[in-house]
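Going by my numbering, the first residue of the sequence shown is number 153, and it counts up by one from there.
Heads up, the beta-carbon is just placed ideally off N, CA and C, and yes, glycines get one too.
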Amino acid sequence: MSSIVTTAAKICCSAAASSTAGARRLHGAVSLAAGVPRALAAASSPAASAFSGRTTPSRSLKRTATTAAAGNGLTIDLRGKRAFIAGVADDQGFGWAIAKCLAEAGCEIILGVWVPALNIFETSLRRGKFDESRKLSDGSLMEFAAIYPMDAVYDTPADVPEEVATNKRYAAAKDGFTIEDTARKVKEEFGTIDVLVHSLANGPEVKNPLLETSRSGYLAAISASSYSMVAMVQKFAPLMNPGGSVISLTYLASERIIPGYGGGMSSAKAALESDTKVLAYEAGRKYKVRVNTISAGPLGSRAAKAIGFIDDMIKYSYANAPIEKELSATEVGQCAAFLLSPLASAVTGHVMYVDNGLNAMGLAMDSQALVREEE
């Protein structure tokens, strides 16, 4: 539930490419016909090489796409593509799952990590705590081309309050952490990107009913959870290659009443969905990129648990959704990989529901009103 931030540390995908200021690529493809994303190529990397900002770069990685078995010709192939993903702070949430699915398809991954979470994220990565969840289907580990500190509630350095600028964690980001700073660094080091992922939200008063939400709390939720998407497209779309794609993450509370999801967060998600449609038109015409959002079902990630009732929402979804199972982050990642790939080249301005069908229900199947007394 936090903004985004992360340090300007580099994490090499290829030692051979580390001598140039740009393409460190993972080469592979994800099979759709197989039903579950799987890499079609092989490569391996030592765990210690994942973090190379202050250590020796990893040995060269090269994935060569192989031809799928007969009938498996339809693939998501993102080799040669580069993604910037904002909002990854651990290995549990949707942002991480999206990064992993894109990596399976051969996409180069750049992260923007929320400043207060940056140090612990990098430390966990360096110590191998994420190695198991970094493991791709071919046995290699997901690599990051770079990790930048970023806080999406600040568009430019001029927007940063003095108390934030002098904070120890923020002051450590010498080269900046605003959206503008991060876009500049990505342009300087990589030139262009093809994919932009907005995977962040924050509502300081999310546990407050709307009737008890302050103006500052409401506006903070809008700023961090929806306007941050607008600002990211403003700054990053000029770096995107024609045919690129943008996605964000929304929630059913944008259109349905979800008691407990307060503090202006439902309003922020509604704004995000509306902005998605407008940005699809404006960015589509100006930059030739697509903009979509995924309305994901409840997931028991560390960030979501800050809301307080996420476990109840997971139980509710299981009891009432057409598909009786818990949602996995990977399922959202797979959908994102599709939306971000050329296979979805005609899809833009769309809210894609990935929630086991819960959005379609108009009746709570576990309601006490439906319980019939035995005769």
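Check whether Leu-263 and Ile-299 have beta carbons under 7 Å apart: Locating residue 263 in the sequence shown gives position 111, where the first residue counts as 1. Locating residue 299 in the sequence shown gives position 147, where the first residue counts as 1. Yes. Within cutoff.
According to the Cβ coordinates, are Met-302 and Ile-345 closer than 7 Å? Residue mapping note: residue 302 aligns to position 150 of the sequence shown, counting from 1. Residue mapping note: residue 345 aligns to position 193 of the sequence shown, counting from 1. No. Outside cutoff.
Sorted by chain position, which residues of the same chain lie with C-beta nearer than 7 Å to Glu-478's C-beta, five sequence neighbours on each side aside? Residue mapping note: residue 478 aligns to position 326 of the sequence shown, counting from 1. Cβ neighbours of Glu-478 beyond the five flanking positions: Ile-466 and Tyr-470.
How long is the line joining the alpha carbons of Val-265 and Ile-374, rounded to whole angstroms? Within the sequence shown, the letter at position 113 stands for residue 265. Within the sequence shown, the letter at position 222 stands for residue 374. The straight-line gap from Cα to Cα measures roughly 19 Å.
Along the chain, where does the beta strand (DSSP E) that runs through Met-294 open and close? The residue you call residue 294 lines up with position 142 of the sequence shown. That residue, Met-294, is in no beta strand (DSSP E); it is neither H nor E in DSSP.
Close Cβ partners of Thr-330 (< 8 Å) along its chain, the five nearest in sequence each way excluded: Position 178 of the sequence shown, counted from the first residue, corresponds to residue 330. Closer than 8 Å at the Cβ level, and outside the excluded window around Thr-330, lie Met-302, Asp-303, Tyr-306, Asp-307, Thr-308, Pro-309, Asp-311 and Val-312.
Below 8 Å on the Cβ atoms is my contact criterion, and I expect Thr-445 with Ser-480 to pass it. Report the Cβ-Cβ distance as a whole number of Å. The residue given as residue 445 occupies position 293 in the sequence shown. The residue given as residue 480 occupies position 328 in the sequence shown. Between Ser-480 and Thr-445 the Cβ distance is about 19 Å, and since that is not below 8 Å, they are no contact.
Looking only at its own chain, which residues have a Cβ that is under 7 Å from the Cβ of Asn-472, when we skip the five neighbours before and after it? As a working note, residue 472 is residue 320 in the sequence shown. Within the same chain, Asn-472 has close Cβ partners Leu-510, Met-513, Ala-516, Met-517 and Asp-518.
Measuring alpha carbon to alpha carbon, tell me which residue in Pro-394, Ala-249, Ala-297 and Arg-321 is nearest Asn-271. Counted from its first residue, the sequence shown places residue 271 at position 119. Ranking Pro-394, Ala-249, Ala-297 and Arg-321 by Cα distance to Asn-271 puts Arg-321 first.
Sorted by chain position, which residues of the same chain lie with C-beta nearer than 7 Å to Cys-487's C-beta, five sequence neighbours on each side aside? Within the sequence shown, the letter at position 335 stands for residue 487. Taken in chain order, the residues that qualify are Ile-446, Met-504 and Val-506.
Using only CA atoms, which one of Ser-366, Phe-296, Tyr-370 and Pro-361 lies nearest to Ile-237? What you label residue 237 is simply residue 85 of the sequence shown in a count that begins at 1. Answer by Cα proximity: Phe-296.
Could you give the DSSP three-state label for Tyr-322: helix, strand or coil? In the sequence shown, residue 322 corresponds to position 170, counting from 1. If DSSP states are grouped into helix, strand and coil, Tyr-322 belongs with the helices.
According to the neighbour-count rule (16 or more other Cβ atoms, all chains shown, within 10 Å of its Cβ), is Lys-421 buried or exposed? Within the sequence shown, numbered from 1, the residue matching residue 421 stands at position 269. Under this definition Lys-421 is a buried residue.
Based on the DSSP secondary-structure assignment, which residues constitute the bridge partners of Asn-472? Within the sequence shown, the letter at position 320 stands for residue 472. Asn-472 pairs with nothing; no bridge assigned.
For the alpha helix (DSSP H) containing Arg-234, name the first residue and the last one. Your numbering for residue 234 matches position 82 in the sequence shown. Taken as a continuous stretch (DSSP letters only), Arg-234 belongs to no alpha helix (DSSP H), being part of the beta strand (DSSP E) at 234-238.
Look at Ala-376 and Phe-246 and say whether their C-beta atoms are less than 7 Å apart. Within the sequence shown, residue 376 is the residue found at index 224, counting from 1. Within the sequence shown, residue 246 is the residue found at index 94, counting from 1. No, these two residues do not count as a Cβ contact at 7 Å.
Thinking C-beta only, is Ala-235 closer than 7 Å to Leu-254? In the sequence shown, the residue the question calls residue 254 occupies position 102. In the sequence shown, the residue the question calls residue 235 occupies position 83. Closer than 7 Å, so yes.
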